[in-house]
Structure formats: C-alpha cells, structure tokens
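Below is one structure, written out as structure tokens; comments come after it.
Protein chains: 2
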Amino acid sequence: MRFSTRLSDSVHILCFIYLNPDENLSSERIAESVRTNPGYVRQLMSLLRKAELISSTKGHAKPMLAKEAGEITLRDVYRAIEGDKPLLHLDTHTNPECGVGVNIQLALQEYYDRIQAAAEAEMARITLQDVLDGYHERIKGNKR
Amino acid sequence: MRFSTRLSDSVHILCFIYLNPDENLSSERIAESVRTNPGYVRQLMSLLRKAELISSTKGHAKPMLAKEAGEITLRDVYRAIEGDKPLLHLDTHTNPECGVGVNIQLALQEYYDRIQAAAEAEMARITLQDVLDGYHERIKGNKR
DNA sequence: CCTATTGTAATTTTAATAATAACAGCATAT
DNA sequence: ATATGCTGTTATTATTAAAATTACAATAGG
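Protein sequences, first through last, are from chains A and B. Position 60 (the first sequence) corresponds to 60 in my numbering; numbering is contiguous. In my numbering, each number is its position in the second sequence, counted from 1, plus 144.
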C-alpha cells in the first residue's frame with residue numbers, strides 16, 4: 001500500500017479548525033488546504049467526532065474543537081484515527097508446521113508492545129497546542 | 145499497500161540462523177519457515193549482511209550471525225532493513241498555496257522525530273537474545 | 001420549499017510490499 | 001574439470017491497504 005498520512009491529515013484538520021474559528025468551514029474548504037477530497041476529510045472528521053475531539057452537526061459547516069488545544073494530545077488523535085492498529089506488524093503467516101516461526105512471532109509481540117508503548121507515551125507528551133506553537137514560530141520566521 | 149512485515153521477517157531469519165548453527169541453511173530452507181520465497185529471504189539477508197549483522201558467502205549455504213545475539217538490537221535490525229524510513233509519515237502533498245498545510249506539516253516533523261527517537265530508543269533496549277529467551281520460554285511452556 | 005452541507009457507505013484508483021522469475025558467479029564434491 | 005547447488009542481484013508481477021471518488025439520505029438555515 002501507500003503509507004498512511006491519516007495522522008498527519010487529522011492534525012492538519014484539527015489545526016485548520018482551530019485557526020479558522022469564525023469562517024464557514026465546509027469539508028470542501030478544508031479539503032482544499034489538505035489538497036484532497038471532501039469525502040476523505042469527512043471520514044477523518046467522523047472518527048475525530050466519535051473520539052470527542054471535535055463537535056460538528058449534519059448540514060452545518062461549523063466544526064469546533066471539543067477540547068482546548070492544550071488538552072488534545074497526538075496520542076488522542078492517533079487512537080481516534082488508527083484505533084488499535086500498531087506501528088509495527090508481526091508476520092502472522094509463517095509456516096505453522098515449523099514451530100520456530102510461530103513462536104518467534106509470538107515472542108516478538110511482547111517487545112513490539114513495549115515499542116508501541118514508548119511511541120505512544122511520547123505522543124501523549126505532545127499537544128495540538130505544541131504543534132500550533134511550532135506552526136506560529138514558522139510563520140513568524142518566514143516573515144523575517 | 146499491505147503493511148510491512150520486513151522487520152518481523154528479518155528477526156525471524158536471524159533467530160533461525162542462530163538456532164540452526166550446523167545445518168545446511170539455504171535461503172530455501174529459511175523461506176520454508178517464514179513461508180515465503182527464497183528471493184525475498186535473500187533480499188533481506190543482503191541488507192542484514194550490508195549492516196554487518198550476518199556474514200554469508202556466495203554459493204555457500206552457511207550464513208552466520210556476525211555478532212553475539214546479545215549485541216544485536218532491534219534498532220540495528222530496523223535500520224538495516226528500513227534505513228531512514230520512519231514509522232509515521234507527513235503528508236507532503238498539501239496545497240502549497242495555503243500556507244497552513246505546508247507549515248503545519250513542517251512543524252509536525254519535529255514532533256514525529258521525537259516519537260521516532262522514543263520508539264528507536266526502546267528498540268535499542270531489546271536484543272536478539274531477549275527475543276530468543278522469549279522464544280525458549282514459549283517452547284518450554286508448550287511442553288508442559 | 002430550496003440550497004448547501006453533513007454523515008455514511010460503496011466503489012475505484014494508487015502505490016508500497018511481497019511474490020515470482022531469471023541469471024551470472026562462487027563453492028563444493030565427485 | 002565438470003557438474004551441481006546455492007548465493008547475490010535485478011527485473012517484473014501480484015497483492016492489498018490507503019486515498020480518491022462517487023453517491024445519496026438527512027439536517028440546518030434561509
């Protein structure tokens with residue numbers, strides 16, 4: 001497959017909502033910024049809404065963050081979008097007649113869980129506000 | 145794309161080499177255990193050899209670990225196989241006319257780097273020996 | 001009522017990965 | 001030395017998850 005940009009796109013959407021609180025924010029307008037199509041934006045927003053990170057109502061183009069930007073972490077967004085899908089994947093298709101493969105993979109799971117936990121712990125330390133701060137610094141820098 | 149099992153398969157290969165030090169270990173024999181084809185096994189082994197994790201010679205079916213199992217970390221394997229490819233990917237295809245997208249993505253990079261570093265730091269704490277220990281415990285457990 | 005938009009699902013296209021195939025070159029045995 | 005088996009490498013094809021696209025019922029607001 002192509003590799004996933006869903007987390008990046010979701011953060012983009014959240015920032016875009018934060019940065020445009022008053023305007024009419026249709027999925028089409030957001031899609032223009034992400035350079036994708038409104039359907040994809042609405043799919044991601046649907047997941048963000050189910051995770052209670054944004055609020056939005058059918059027919060009304062005014063999505064809003066449901067929490068402060070400082071209260072939304074990258075882990076919240078990751079879990080909203082990816083659910084339990086991990087960063088690393090076992091090969092679950094090894095030869096079952098050769099016990100080595102199966103048991104190595106099962107042993108690996110335990111360590112992959114640790115790696116996943118370390119990554120998610122770091123995600124939990126990063127908020128949408130941090131990303132927005134980085135964004136604003138960049139904007140300032142460009143104006144110099 | 146389908147998601148990558150290259151790291152898992154590479155660990156499998158390394159363990160298989162460790163566990164079968166004397167036998168004739170052709171890529172075909174390893175491929176049977178991974179349930180894949182010899183060409184794929186040789187591709188991964190080529191990367192492992194370039195990273196000096198194994199040694200092998202053309203025409204001679206006797207690959208060997210180039211280091212102690214306790215000296216090979218998951219980060220070594222990950223970097224051998226994936227190089228600089230990260231776990232999380234920016235969307236580098238946002239609308240350049242809308243500065244928001246571009247700058248949000250650039251701001252994100254800094255935080256993705258932190259997440260990648262956290263994940264790799266945990267990988268660096270896990271050795272092939274750890275995985276082998278987990279494997280042996282599992283084998284023992286099954287015999288009970 | 002009419003228009004714009006959401007929320008959702010179904011289908012198609014794209015692209016990274018794994019599978020497959022092919023072959024020159026080396027090692028070992030006979 | 002010759003034959004056989006295997007490696008190392010490259011090229012091509014198939015597979016499959018992600019993104020793009022399409023469609024439409026349902027709601028908000030004028």
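Even for Gly, the Cβ is constructed at its ideal location relative to N, Cα and C.
message = Restricting to runs no shorter than 3 residues, where is the beta strand (DSSP E) found entirely within the stretch 184 to 257 of chain B?
response = Runs found: 198 to 201 and 204 to 209.
Evaluate the contact criterion for the stretch 246 to 254 of chain B versus the stretch 128 to 138 of chain A: three or more CB pairs, one atom per stretch, below 8 Å. Contact holds: three or more Cβ-Cβ distances are below 8 Å.
Problem set entry | Within 9 Å, strictly: CB atoms of V221(B) and L197(B) | Yes; because the gap between Cβ atoms is below 9 Å, this pair is in contact.
Within-9 Å CB hit, V178(B) to chain A: The beta-carbon of V178(B) is placed less than 9 Å from the nearest beta-carbon of chain A.
Notebook entry, point to check: The alpha helix (DSSP H) with F160(B) in it runs from where to where?
Noted result: R150 to L163 is the extent of the alpha helix (DSSP H) around F160(B).
Item to complete: Verify the CB distance criterion: does R288(B) have a CB-CB separation below 9 Å to chain A?
Response: Any reading at R288(B) must be qualified, since the residue scores a pLDDT of 46, below 50, and its modelled position is unreliable; no value is offered.
Practice prompt. Select from A121(A), L128(A) and C98(A) the residue whose C-alpha is nearest the C-alpha of L252(B).
Written response: The candidate whose alpha carbon is nearest that of L252(B) is L128(A).
Apart from the five residues on each side of it in sequence, which residues of its chain come closer than 8 Å, Cβ to Cβ, to A263(B)?
Listed in chain order, the non-local C-beta contacts of A263(B) below 8 Å within the same chain comprise L231, local neighbours out to five positions each way being set aside.
Between D257(B) and the ligand COA, is there a pair consisting of the residue's CB and a ligand heavy atom that are separated by less than 8 Å? For the ligand COA, the structure offers nothing, since it holds no ligand at all.
| said: Does the CB of L53(A) have a neighbour CB from chain B at under 9 Å? | reply: No, because no Cβ of chain B sits closer than 9 Å to the Cβ of L53(A).
Original post:
Is it true that the stretch 181 to 196 of chain B meets the stretch 152 to 165 of chain B, where meeting means three or more beta-carbon pairs spaced less than 8 Å apart?
Top reply: Yes, the stretch 181 to 196 of chain B is in contact with the stretch 152 to 165 of chain B.
- request: Would you please verify whether the beta carbon of S249(B) is less than 9 Å from any beta carbon of chain A?
  value: The residue asked about is misnamed: residue 249(B) is Gln in this sequence, not Ser. Cβ-Cβ to chain A under 9 Å: yes for Q249(B).
(request) Output the boundary residues of the alpha helix (DSSP H) element that contains I30(A). (result) Its alpha helix (DSSP H) spans residues S27 to V34.
Among V244(B), A195(B) and A205(B), which has the Cα closest to the Cα of T217(B)? Comparing Cα-Cα distances from T217(B) to each of V244(B), A195(B) and A205(B), the minimum goes to A195(B).
Quiz item: Under 9 Å between C-beta atoms, does S4(A) make it to chain B?
Solution: At least one chain B Cβ lies under 9 Å of S4(A).
(message) Considering only their Cβ atoms, is the gap separating N168(B) from K211(B) smaller than 9 Å?
(response) With respect to N168(B), K211(B) sits apart: the two C-beta atoms are not nearer than 9 Å.
**Request:** Output the distance between the C-alpha atoms of I17(A) and Q116(A), rounded to the nearest integer angstrom.
**Result:** Spanning the alpha carbons of I17(A) and Q116(A) requires a straight line of approximately 29 Å.
inquiry  = Just to make sure I have the definition right: I need the residues of chain B whose C-beta is within less than 9 Å of the C-beta of E68(A). Which are they?
reply    = When 9 Å is used as the limit between beta carbons, E68(A) is near no residue of chain B, the shortest such separation being about 18 Å.
G203(B) burial status per 10 Å Cβ neighbour count (16 or more: buried) | Looking at its Cβ environment, which holds fewer than 16 other Cβ atoms inside 10 Å, G203(B) is exposed.
Notebook entry, point to check: Would H89(A) count as contacting chain B if we go by Cβ distances under 9 Å?
Noted result: Yes, contact with chain B.
>> Please report the straight-line C-alpha distance between D274(B) and L192(B), rounded to a whole angstrom.
In response: Straight-line Cα distance between these residues: approximately 19 Å.
*Can you tell me whether D91(A) is buried or exposed, with buried defined as 16 or more other CB within 10 angstroms of its CB?*
Label assigned to D91(A): buried.
Q.
Using C-beta distances below 6 Å, list every residue in its chain close to L158(B), excluding the 5 sequence neighbours before and after it, in chain order.
A. Residues of the same chain with a CB within less than 6 Å of the CB of L158(B), apart from the 5 flanking positions on each side, are L272 in chain order.
State the DSSP-derived secondary structure class of R288(B), mapped to helix, strand or coil.
With a pLDDT of only 46 at R288(B), under 50, the local geometry of the prediction cannot be trusted, and the value read off the model is given with reservation. Correct three-state label for R288(B): coil.
Nearest by alpha-carbon distance to R219(B): which of D277(B), A268(B) and R146(B) is it?
Out of D277(B), A268(B) and R146(B), the CA that lies nearest to the CA of R219(B) is found in A268(B).
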